[in-house]
Every structure is written in structure tokens, then in C-alpha cells.
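Below you'll find the structure, written out as C-alpha cells, and then a few comments.
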Amino acid sequence: MASSSLIAHGCRRRVVVSAVALQLLVLATQAGAQASAPAAEDAATLDTVRVLGRVRPLADFPGAVSVVSGDALHRGQRESSLAEPLARVPGIAVLDRHNFAQDLQVQSRGFGARSSFGVRGLRLVVDGIPGSAADGQGQAATFPLDMLDRIEVLRGPL
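Be aware that the sequence shown starts at 11, since it is given in our numbering, and climbs by one per residue.
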């Protein structure tokens, strides 16, 4: 009976020592995190960055340009996909199967017609950022229509 009491006392002692060691480790980690935080006066000031660009008028574009303005986008009924505003653009055919797994099938004068789903062979760009993958496949159904200011359809060399 005395030996079982010694074993229980030894286990209890290990648990207490482990708990104290864990507590010290947590406190040391918190103290190190507080010491490494930079003070506001030590923060570095960054140089001013200037971004230069140029506006390219649509009249200077060497191809055909169609623009769906913001008024036409947001007037009347709310569109559910890019198919409705693109249906008003000459030379654009949109097949909307109302199935997000198959996406919209967008064609411009035959380009993009070989794609069984999605957009292939057409370049999708949002605010200068490509919306198409490297293989040319893109998804037009996921474009946020409420964030669009206008839609430009450019046909020709980019």
C-alpha cells in the first residue's frame, strides 16, 4: 500500500512540474512578443511612389470598339449575369445555360465557338487584370455586375 502511495505522489509531482514548466513557457513567449513589437517612433517612413500612365482614347484603337455604359448596365431591371448586357453588343453571341458549372459560352464573330463551356479564345480583363487563365480559358459568369462601371468590347489586335 505504501508503494502505491509513492507512485501516486510521484505522478502528481510530475504533473505539477509539467504545469509549472508550461506556464513559464507561455509567459516567456508573451514577454518576447511584447519586447519585439516596434515602437511608433521607430517605424520607418516610406518614400512616395508615383504611378505614371497614359489614357488611350478609344478612337486611337486599331479595331472595332463597343461600349456598354454604366447607365445601360444599371437601368431598369437588374441583370443576373454578363449574358444580358453582352446580348446588346453587335457581333457577340452569348449562350447562358443558367448552370454555373458550365458557365457562359461567349463568342465574338466565331472566336470562342470551339469551347464547350466557358470562354476560350477571348481575353477577359477586369481593371487591367487578366480574367483568363494561361490556356485562354476564362469564366464570365463570376464577374460581379454590380461593380462594373462599363463594359468595353475590343475587336482587333490588343
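The C-beta atom is built at its ideal place from N, Cα and C for all residues, glycine as well.
Spell out whether any CB of chain C is found under 8 Å from the CB atom of residue i.
i   : result
V78 : The chain inventory of the structure shown lacks chain C, comprising one protein chain alone.
Between residue i and the rest of its own chain, which residues show a CB-CB distance below 8 Å, the 5 nearest in sequence each way excluded?
i    : result
P100 : S76
R160 : V77, V78, S79, G80, L83
V136 : F153
Take residue i and list the residues in its own chain whose beta-carbon comes closer than 6 Å to its own, dropping the five residues that flank it on each side.
i    : result
S142 : R133, L134, G148
R119 : G101
Report the rounded CA-to-CA distance for residue i versus residue j, giving the unit in angstroms.
i    : j    : result
N109 : G166 : 30 Å
A80  : A97  : What sits at residue 80 in the sequence shown is Gly, not Ala. Cα to Cα, the separation comes out at about 15 Å.
L105 : A53  : 55 Å
G63  : V36  : 52 Å
Q117 : A93  : 11 Å
H84  : E162 : 15 Å
D70  : P95  : 25 Å
Under the three-state reduction of DSSP, which class applies to residue i: helix, strand or coil?
i    : result
V116 : strand
L105 : strand
R98  : coil
R24  : helix
L164 : strand
Any chance the CB of residue i is under 7 Å from a heavy atom of the ligand ATP?
i    : result
N109 : Summarising the ligand content, the structure contains no ligands, and the ligand ATP is consequently not present.
By Cβ distance below 7 Å, which residues in the same chain neighbour residue i in space, the five residues on each side in sequence not counted?
i    : result
S91  : D106, L114, A151
A103 : Q117
Query raised in the report: Is it true that the region 71-86 meets the region 51-60, where meeting means three or more beta-carbon pairs spaced less than 8 Å apart?
Result: Contact annotation: the region 71-86 does not touch the region 51-60, with fewer than three C-beta pairs closer than 8 Å.
Query raised in the report: Which ranges does the beta strand (DSSP E) cover as unbroken runs of at least 3 residues, wholly within the region 46-95, from first to last along the chain?
Result: Counting whole runs of 3 or more residues, the region 46-95 contains the beta strand (DSSP E) stretches 74-78.
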